[in-house]
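Taking full-length UniProt numbering as reference, the numbering of the sequence shown is continuous, increasing by one, and the terminal residue is 99.
To keep things clear, I will list the structure first and then write my remarks on it.
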Amino acid sequence: MSGGPERRPVRKVVGDVVHDDQLLVFTHDGVPLDVAGVQVPAGTIEQSETPAAAVVREVLEETGLAVRIVHALGVERYDVWPSKPEVHERHFLQFRVNV
1 MSGGPERRPV
11 RKVVGDVVHD
21 DQLLVFTHDG
31 VPLDVAGVQV
41 PAGTIEQSET
51 PAAAVVREVL
61 EETGLAVRIV
71 HALGVERYDV
81 WPSKPEVHER
91 HFLQFRVNV
């Protein structure tokens, strides 16, 4: 890493939920579309969680849907400095809705 303070690692998850060959996306009530945009379920991995457990929890919290993992899609790491002294590690997983 170049310049700036020591970076704190932040672990995140992103869930791509697929049902009937359609990707679940949503907006947040009360937040203008030009502020938050269209989103997929995502959030921070709690200290005692695995990425898989965290994203299943986030999908349930944000959508009310129970899901099962289909694929681990990959991990992305990026430095968000100078916005924050953090390095984000995002785990991307694909799910299907339990029916």
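Where a beta carbon is used, it is the ideal one built from N, C-alpha and C, also for glycine.
So, is residue i buried or exposed, given that buried needs 16 or more other C-beta atoms within 10 angstroms?
i: HIS71; result: exposed
i: PRO32; result: exposed
i: LEU23; result: exposed
Quick one: Cα of residue i to Cα of residue j, how far?
i: GLN47; j: ARG90; result: 15 Å
i: GLN39; j: VAL17; result: 11 Å
i: LEU73; j: PRO5; result: 31 Å
i: VAL80; j: ASP20; result: 35 Å
i: GLY30; j: GLY3; result: 38 Å
i: TYR78; j: LEU65; result: 29 Å
i: GLU58; j: HIS28; result: 14 Å
i: VAL99; j: LEU60; result: 14 Å
i: GLU49; j: HIS88; result: 16 Å
i: GLU76; j: ALA36; result: 21 Å
Would residue i pass as a contact of residue j if the rule is Cβ separation under 7 Å?
i: VAL55; j: VAL97; result: no
i: PRO51; j: GLY15; result: no
In chain order, what residues of the same chain have a beta carbon less than 6 Å from the beta carbon of residue i, not counting five sequence neighbours either side?
i: PHE92; result: VAL14, LEU73 and GLY74
i: GLU62; result: PRO41
Grab me the residues of residue i's own chain with a C-beta within less than 8 Å of its C-beta, minus the 5 sequence neighbours each way, in chain order.
i: ILE45; result: ARG11, LYS12, VAL13, PRO51, ALA54 and HIS91
i: VAL25; result: VAL38, GLN39 and VAL40
Sorted by chain position, which residues of the same chain lie with C-beta nearer than 7 Å to residue i's C-beta, five sequence neighbours on each side aside?
i: THR69; result: Per the sequence shown, the amino acid found at residue 69 is Ile instead of Thr. These residues qualify, in order along the chain: ALA52, LEU93 and PHE95.
Are the C-beta atoms of residue i and some chain C residue less than 7 Å apart?
i: GLU49; result: Within the model displayed, chain C is absent; a lone protein chain is all it includes.
Review point. Touching or not, the segment 71–87 and the segment 9–27, by the rule of three or more beta carbon pairs under 8 Å?
Key: Three or more pairs of CB atoms, one per stretch, sit closer than 8 Å, so the segment 71–87 contacts the segment 9–27.
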